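Here our numbering is used: the first residue of the sequence shown is 91, the next is one more, and so on. Heads up, the beta-carbon is just placed ideally off N, CA and C, and yes, glycines get one too. As the structure is a prediction and not an experimental result, all values here were calculated from the model.
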Amino acid sequence: MSITRSAIVIGGGIAGPVAALALGQAGIEATVYEAYDTTADGVGGTLSIAPNGLDALAAVGLAGVVEELGSPITSMVMRNGKGRRLATLGSPAGLPAQRLLWRPDLYRALRDATASRGVRVEYGRRLTAVDQDADGVTAVFADGTTARADVLLGAVRLRSPGRCKLDPAAPAPPPPPPPPPARGGGDGIRSRVRSLLDPAAPAPRYVGLLGFGARLGPGPVDASRIGTTGSEMHFVFGRRAFFGYVLDEDGSGGWFANLPRAASTTAAETRATDPAGWLKLLRETFAGDGLRMDDLIARTDPADLISVGGMEDLPTVPVWHRGRAVLIGDAAHATSPSSGQGASLALESAVELARCLRDLPHQEAFAGYESLRRARVEKIIKMGERTNSDKAAGPVARVLRDLMMPVAMRLMNPESFSWPMRHHIDWDAPVAGAAVSVQAPARAG
Ligand SMILES: Cc1cc2nc3c(=O)[nH]c(=O)nc-3n(C[C@H](O)[C@H](O)[C@H](O)COP(=O)(O)OP(=O)(O)OC[C@H]3O[C@@H](n4cnc5c(N)ncnc54)[C@H](O)[C@@H]3O)c2cc1C
Numbered sequence: 091m092s093i094t095r096s097a098i099v100i101g102g103g104i105a106g107p108v109a110a111l112a113l114g115q116a117g118i119e120a121t122v123y124e125a126y127d128t129t130a131d132g133v134g135g136t137l138s139i140a141p142n143g144l145d146a147l148a149a150v151g152l153a154g155v156v157e158e159l160g161s162p163i164t165s166m167v168m169r170n171g172k173g174r175r176l177a178t179l180g181s182p183a184g185l186p187a188q189r190l191l192w193r194p195d196l197y198r199a200l201r202d203a204t205a206s207r208g209v210r211v212e213y214g215r216r217l218t219a220v221d222q223d224a225d226g227v228t229a230v231f232a233d234g235t236t237a238r239a240d241v242l243l244g245a246v247r248l249r250s251p252g253r254c255k256l257d258p259a260a261p262a263p264p265p266p267p268p269p270p271p272a273r274g275g276g277d278g279i280r281s282r283v284r285s286l287l288d289p290a291a292p293a294p295r296y297v298g299l300l301g302f303g304a305r306l307g308p309g310p311v312d313a314s315r316i317g318t319t320g321s322e323m324h325f326v327f328g329r330r331a332f333f334g335y336v337l338d339e340d341g342s343g344g345w346f347a348n349l350p351r352a353a354s355t356t357a358a359e360t361r362a363t364d365p366a367g368w369l370k371l372l373r374e375t376f377a378g379d380g381l382r383m384d385d386l387i388a389r390t391d392p393a394d395l396i397s398v399g400g401m402e403d404l405p406t407v408p409v410w411h412r413g414r415a416v417l418i419g420d421a422a423h424a425t426s427p428s429s430g431q432g433a434s435l436a437l438e439s440a441v442e443l444a445r446c447l448r449d450l451p452h453q454e455a456f457a458g459y460e461s462l463r464r465a466r467v468e469k470i471i472k473m474g475e476r477t478n479s480d481k482a483a484g485p486v487a488r489v490l491r492d493l494m495m496p497v498a499m500r501l502m503n504p505e506s507f508s509w510p511m512r513h514h515i516d517w518d519a520p521v522a523g524a525a526v527s528v529q530a531p532a533r534a535g
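Structure below.
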């Protein structure tokens, strides 16, 4: 039985609320502290929740949360800019279809779940420092307030570093600069808790692509230019940039574009540029392709353009926990959106950490959690990295890719694509100290 009774969860995004709900299920009282003083309703684009993410939600009774959100995606179709089908990846046998949903919908559903299960979420509480001693951990917020609990979970992404008195004898560095002005997933990938745990923690890495997207309402569909997708998601390696889209019979759907760019910009910087200008650039970028992605871009109202900014990942974060504080979600393992696994891995980690804290004292629980998670998440981040290089291919690499991909897909062992999705969390299985070095069992396929 856990001796952890209470937890501070920093970050009310996706991982934070699910961690708090999972901790509640483990008998640990958790409160979520979110930096922004309002909710993030309506902010963000599409996310995919893979079967392993659905499995993690089911482990804490949240399977129903996404059932009514978004659409099931039964296969992913890769095409080149001429519209030629390079490969089709179907759903792995025995697993539910992944779901494509809008981040604001998932966010709202998780918020409703916390409210209905009595989990407190406090807004306007931006973490600036963490103090810990033998008896507990204190979170210090920018407004001067504090909160205290047995453990602290960092589910945050933020740029600026801050004070951390992990060792009570250590001198405290100066207070952090003011927080960034704009909210957004691309605004800041640097976790405050991460830099508090390890001031030498690596900076996020720009993957060479700027991200954009938009949701489309009903509209005209000209199948001779770009057709509907049914329950497939289409990915297009255009001549100059990468495009993904879903399009229903009534013309509603959504698209995203990854634009190769040598220099990164933040989401705030891309948003500061006239969205009509970005849309024009994107239309021009795709205009030379046979498949008319530019039609979908042309239908986008500039006010609806989602600018993610430079896409980033974090190949490895050396320190995941120290003392009574631990990282989850993007703070510990940010994968570039190309993996399609960011939110699913965050959900898995939130649930696995709660399971470890349920059964073990916090030091052992954190070590166990890391040994359950690290190898898996780093391997998936690497997979995303390989996809990024295909997206930014030059002319020669493009020709080779178009020749090789159909062959490679035919020869590929389907398991090399589906293994990330087969991960299963057995919530009821006790976590023993000695068992934590063993990966969670794979779900039978
Ligand atoms: C507003 C927003 C929109 C997003 N849109 C997309 C999208 O369209 N597509 C996509 O693939 N991914 C998007 N993401 C990222 C995606 O949600 C994550 O990659 C993934 O779900 C992992 O979730 P997470 O909870 O670890 O991180 P996040 O979802 O990024 O949540 C982190 C939370 O911590 C809060 N926070 C940060 N610093 C502090 C602090 N010092 N004190 C307290 N709270 C703090 C943030 O405000 C945020 O709510 C978005 C993230 C955000 C915050």
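| query | result |
| --- | --- |
| In whole angstroms, what is the alpha-carbon distance linking Ile-98 and Val-230? | 11 Å |
| From which residue to which residue does the alpha helix (DSSP H) around Glu-359 run? | 357 to 362 |
| Secondary structure at Ala-109, three-state DSSP: helix, strand or coil? | helix |
| Among the residues of its own chain, which have a CB less than 6 Å from the CB of Thr-360, if the five just before and after it don't count? | Ser-397 and Gly-399 |
| Ignore the nearest five residues each way along the sequence and tell me which others in Glu-468's own chain have a CB closer than 8 Å to its CB. | Pro-405, Thr-406 and His-423 |
| In whole angstroms, what is the alpha-carbon distance linking Gly-117 and Thr-164? | 37 Å |
| Between the alpha carbons of Val-409 and Ala-291, how many angstroms are there, rounded? | 7 Å |
| Glu-374 to Asp-384, Cα distance in whole Å? | 8 Å |
| Starting from the C-beta of Leu-179, find all residues in its chain whose C-beta is less than 7 Å away, skip the five residues before and the five after it, and write them out in chain order. | Ser-165, Met-166 and Phe-507 |
| Where does Asp-277 sit, in a helix, a strand or coil, going by DSSP? | Per-residue confidence for Asp-277 stands at a pLDDT of 22, beneath the threshold of 50, marking its modelled position as unreliable; no derived number is given. |
| Among Pro-141, Leu-144, Leu-111 and Met-168, which has the Cα closest to the Cα of Glu-322? | Met-168 |
| Among residues of its own chain, excluding the 5 on either side of His-324, which ones have a beta-carbon nearer than 6 Å to its beta-carbon? | Val-167 and Tyr-335 |
| For Ala-110, count neighbouring Cβ atoms within 10 angstroms of its own Cβ and tell me buried if that reaches 16, exposed if not. | buried |
| Would you kindly check if the distance between the Cβ of Gly-307 and the Cβ of Gly-135 is under 8 Å? | no |
| Could you tell me which of Trp-509, Ile-515, Ala-522 and Ala-177 sits nearest to Ala-183, measuring between CA atoms? | Trp-509 |
| Excluding five sequence neighbours on each side, which residues of the same chain lie with their C-beta closer than 6 Å to the C-beta of Leu-372? | Ala-347 and Ile-387 |
| Comparing the CB of Pro-350 with every heavy atom of ligand 1, is any distance shorter than 7 Å? | no |
| Name the two residues that bound the continuous beta strand (DSSP E) containing Thr-136. | 136 to 139 |
| For my contact list, Glu-460 and His-411 are in at a C-beta cut-off of 8 Å; report their separation, rounded to the angstrom. | 7 Å |
| Out of curiosity, what's the CA-to-CA distance linking Arg-253 and Val-297? | In this prediction, Arg-253 scores a pLDDT of 33, lower than 50, which makes its location untrustworthy; the coordinate-derived value is nonetheless stated afterwards. Approximately 29 Å, taken between the alpha carbons. |
| Expressed to the nearest angstrom, what Euclidean distance is found between the alpha-carbon atoms of Asp-420 and Val-311? | 37 Å |
| In the DSSP output, what is Tyr-335 paired with across the bridge? | His-324 and Trp-345 |
| Kindly indicate which three-state DSSP category Gly-114 falls into: helix, strand or coil? | helix |
| Can you give the Cα-Cα distance for Gly-103 and Gly-523, rounded to whole angstroms? | 30 Å |
| Looking at C-alpha atoms only, which residue of Ile-139, Gly-132 and Arg-215 is the closest neighbour of Leu-435? | Ile-139 |
| For Met-166, list the residues DSSP reports as bridge partners. | Leu-179 and Met-323 |
| Between Tyr-123 and ligand 1, is there a pair consisting of the residue's CB and a ligand heavy atom that are separated by less than 7 Å? | yes |
| Going by DSSP, what residue range makes up the beta strand (DSSP E) through Ile-98? | 96 to 100 |
| Could you check what DSSP says for Gln-453 in three-state terms: helix, strand or coil? | helix |
| State yes or no: is the C-beta of Val-108 within less than 8 Å of the C-beta of Val-156? | no |
| Less than 8 Å between the beta carbons of Val-416 and Leu-243, yes or no? | yes |
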